[in-house]
Amino acid sequence: MASISASEKLLASSRLISQGAEAKVYKGSLTAAGGVPVLFKHRFKKQYRHPTLDATLTKARVAGEARALLRCLRSGVNVPGVRMVDAAEGLLGIEWIDGSSVKRLLPSGAQDGEEDQGGVADDHNPLDTFPVSVVGLMRLIGVEIAKMHLADIIHGDLTTSNMMLRPSSSSDTQPDLVLIDFGLSYHSTLVEDKAVDLYVLERAFASTHPDSEPMFASVLEAYGAKMGKEWPALRRRLDDVRLRGRKRSMVG
Amino acid sequence: MPALLLPSNPLRNPEHPLLALGIEGSANKLGAGIIKHAPDGSSTVLSNVRHTYITPPGEGFQPRDTALHHRKWAFKVVHDALSSAGISLSDLDCICYTKGPGMGAPLQSVALVARTLCLLYDKPLVAVNHCVGHIEMGREITGAKNPVVLYVSGGNTQVIAYSRQCYRIFGETLDIAVGNCLDRFARVLNLSNNPSPGFNIEQKAKNGKRLVSLPYATKGMDVSLSGILTAIEAYTQDKRFRPDGLPKFTEDQDIITPADLCFSLQETVFSMLVEITERAMAHIGSKEVLIVGGVGCNERLQDMMGIMARERGGQVFATDERFCIDNGIMIAQAGLLSYRMGMTIPLTKSTCTQRFRTDEVHVSWRA
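If you read the protein sequences in the order shown, they are chains B and P. Residues 923 to 1174 (this note's numbering) make up the first sequence, in order. Residues -11 to 355 (this note's numbering) make up the second sequence, in order.
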């Protein structure tokens, strides 16, 4: 078949901006070039995976991601809006977010600055461009995750690279924290799943941002306040989940 | 002092050649190896001897019997390592042994050998973390500079990256290790444990055609494997399953063979491992992957990882069974690096432990 699908046409007219964990991310537009910018997330065929397994996973993940985003939007969680879905092709078009990744706003332990093209001297704090402190940012993170969990959406891959800070329209109000990449998300009401979600974030903090324990504590504090009466049970479960990692020291 | 962006390498080249003996025995492999670090910074593997405790098909190795095996073979394995390197024990600069993680009884018998040799010949003793040994040997052999490491073996499944003198664990299994999952399924199928159950699964999988549906359990950068083992075991009770792999009569086409199950298990589990590795690479921004550990010599896993790395414009580093499967030389390599940083231990501290996480080690020899 010589004809190309509508999704392929959209991608052809878009610009590749990065390759994430499992998808290529493009910036383009649904209308003619120069229209409202849209972010396309293309889960291309993974050659390493068995074709049947790949097709099943891709379809389920694109549909699942769109579903989770819609559910979040309905509950007022800051996430990108859905613009188009083509599950069979593995293409998802979502609202373009103008902001910076939280990972870049926090001090990292990375040694080689290969991907840190920003390459500015260490004394420059990238968070200075936003009217918010580190603790303030942690609170925003906690509140947004709590809103998502109150909507019974589990993100499945909470890391600081999956959060963006978007400047608010007026300079004196707080910026918005936007949760992105719902590729591994799912719907669940279980305390267990929410606790594992938090644990994944805790581990991501510890591995990406050394000495981040106090930072994560403020995330949990804001999260707990927002969760209200669900929090005590969740906190206990989080303690259980922490003990599950393998070969942890058995002392204490 | 010039303020450099990159911290300088803390490891100095030795003034004279250094020799280390490494003894490994955390699971069913007993290994001894001798490595030399030359003043020009190069390393040479002088010998790498291994003896594996192989159990009958359908059986795993028990700690007590494995420890007995190690005790029985320790003298010969160490002796062979020395004679093929052409040196004597008094030429050594240090003796390195596996402190953990691993099975308690085998670890103890190996630690005892190391202590005895260190007392007899008055040599310094170095305790080595088994996982760090794998990583350092992989780096030495492949020349990978700062890779994301997938460490897959019978006891461990971890995605690791180096940061600030520590091998940080980004993702790991939430229950059983991938090698354990494969080995236990090999036992269900009654495959031989010689040379290893995983190797025989790999060979069987080459004839598999049908991909049966299995759970796919990645949680962020972690994986869960025990449910997959249960699911694949259930297929051996399925009425379509033919233990001999042959149709019962000519129209009997809708069948599942042991080869299909091995194939499906590998495809599913390895896809999960490649996926979490890719996730870690994307998260850190690294383009190199290093596969270490016993499952790392599986060629299907290496192929899949290679395809993934190429799709990201990176490359994969892997070694063969001499260095992937537990061996003494990796303990010597990591131990000698520690020795050069002055990290020797007194006899009273020469303990071993079943639980010893990769991220507990201070990697003082890297910048």
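Ideal Cβ positions, reconstructed from N, Cα and C, are used throughout, including at glycine. The model shown is predicted, which means the values in this text are computed figures rather than measured ones.
Run of the beta strand (DSSP E) containing residue i, from where it starts to where it stops
i          : result
Ala115(P)  : Leu113 to Asn117
Leu1087(B) : Met1085 to Arg1088
Leu938(B)  : Arg937 to Gln941
Glu1177(B) : Lying outside 923 to 1174, the shown extent of chain B, residue 1177(B) is not represented and no answer is given.
Arg38(P)   : Ser31 to Thr40
Asp868(B)  : Since the first residue shown for chain B is 923 and the last is 1174, residue 868(B) is missing from the structure and cannot be characterised.
Gly10(P)   : Leu6 to Glu12
Extent of the continuous alpha helix (DSSP H) run through residue i
i          : result
Pro879(B)  : Residue 879(B) lies beyond the residue range present for chain B, which begins at 923 and ends at 1174; the question has no answer from this structure.
Lys60(P)   : Pro51 to Ala73
Phe173(P)  : Val166 to Val176
Gly92(P)   : Gly92 to Tyr109
Ile333(P)  : It is not in any alpha helix (DSSP H) - Ile333(P) carries neither H nor E in the DSSP assignment.
Ser259(P)  : Pro246 to Ile272
Glu299(P)  : Glu287 to Glu299
Asp28(P)   : Unbroken run through Asp28(P): none, as it is neither H nor E.
Ala1147(B) : Glu1135 to Met1149
Beta bridge counterpart(s) of residue i as assigned by DSSP
i          : result
Glu160(P)  : Gln146(P)
Lys949(B)  : Arg937(B) and Leu961(B)
Ile206(P)  : According to the sequence shown, residue 206(P) is Thr rather than Ile. DSSP, once it has assigned bridges, lists Val211(P) as partnering Thr206(P).
Leu278(P)  : Val137(P) and Phe305(P)
His1109(B) : Ile1075(B)
Tyr155(P)  : Tyr150(P)
DSSP-derived helix/strand/coil call for residue i
i          : result
Gln969(B)  : coil
Thr127(P)  : In the sequence as presented, Thr is not what sits at residue 127(P); that position holds Arg. Note: Arg127(P) maps to helix in three-state DSSP.
Met1006(B) : strand
Cys84(P)   : strand
Gln321(P)  : helix
Leu18(P)   : strand
Gly1021(B) : coil
Asp79(P)   : helix
Ala1043(B) : The predicted model places Ala1043(B) with a pLDDT of 45, which falls under 50 and marks its position as unreliable; any figure quoted below should be read in that light. DSSP places Ala1043(B) in coil when its eight states are reduced to three.
Val1163(B) : helix
Val200(P)  : coil
Gly986(B)  : helix
His350(P)  : coil
Ile1075(B) : strand
Phe229(P)  : strand
Ile189(P)  : helix
Lys931(B)  : helix
His122(P)  : helix
Ile23(P)   : strand
Lys194(P)  : coil
Glu1037(B) : With a pLDDT of only 42 at Glu1037(B), under 50, the local geometry of the prediction cannot be trusted, and no value is derived from it.
Asp1119(B) : helix
Pro1048(B) : helix
Glu1152(B) : helix
Gln997(B)  : In the sequence as presented, Gln is not what sits at residue 997(B); that position holds Ser. Coil.
Glu47(P)   : coil
Ala1057(B) : Here the sequence assigns Val to residue 1057(B), which means Ala is not the residue at that position. Looking at Val1057(B) - three-state DSSP - the assignment turns out to be helix.
Distance between beta carbons of residue j and residue i, contact taken as under 8 Å
i          : j          : result
Cys312(P)  : Val277(P)  : The Cβ separation is near 14 Å, so there is no contact.
Ala247(P)  : Ala193(P)  : 7 Å
Arg354(P)  : Gln146(P)  : Not really, about 18 Å apart at Cβ, beyond 8 Å.
Val114(P)  : Met331(P)  : 7 Å
Ala1144(B) : Gly1064(B) : 3 Å
Asn36(P)   : Arg267(P)  : Between Arg267(P) and Asn36(P) the Cβ distance is about 34 Å, and since that is not below 8 Å, they are no contact.
Ser1110(B) : Asp1074(B) : 6 Å
CB contact flag (residue i, residue j, <7 Å)
i          : j          : result
Gly304(P)  : Met292(P)  : Correcting the residue identity first, residue 304(P) is Val in this sequence and not Gly. It is not a contact, given that the beta carbons lie outside the stated cut-off.
Ala1175(B) : Val1001(B) : Nothing can be reported for residue 1175(B), as the shown portion of chain B is limited to 923 through 1174.
Met1085(B) : Val1122(B) : no
Cys340(P)  : Lys87(P)   : yes
Ile11(P)   : Gly233(P)  : no
Trp61(P)   : His39(P)   : yes
Ile22(P)   : Leu34(P)   : yes
Ser259(P)  : Arg971(B)  : yes
Asn188(P)  : Ser180(P)  : yes
Ser14(P)   : His118(P)  : yes
Leu1156(B) : Ala1117(B) : yes
Leu979(B)  : His1131(B) : no
Gly323(P)  : Val116(P)  : yes
Gly1021(B) : Phe962(B)  : no
Leu213(P)  : Thr161(P)  : yes
Leu1101(B) : Glu1066(B) : yes
Asn(-3)(P) : Thr54(P)   : no
Below-7 Å beta-carbon distance, residue i vs any chain C residue
i          : result
Val1122(B) : Absent from the structure is chain C; the protein chains it does hold are B and P.
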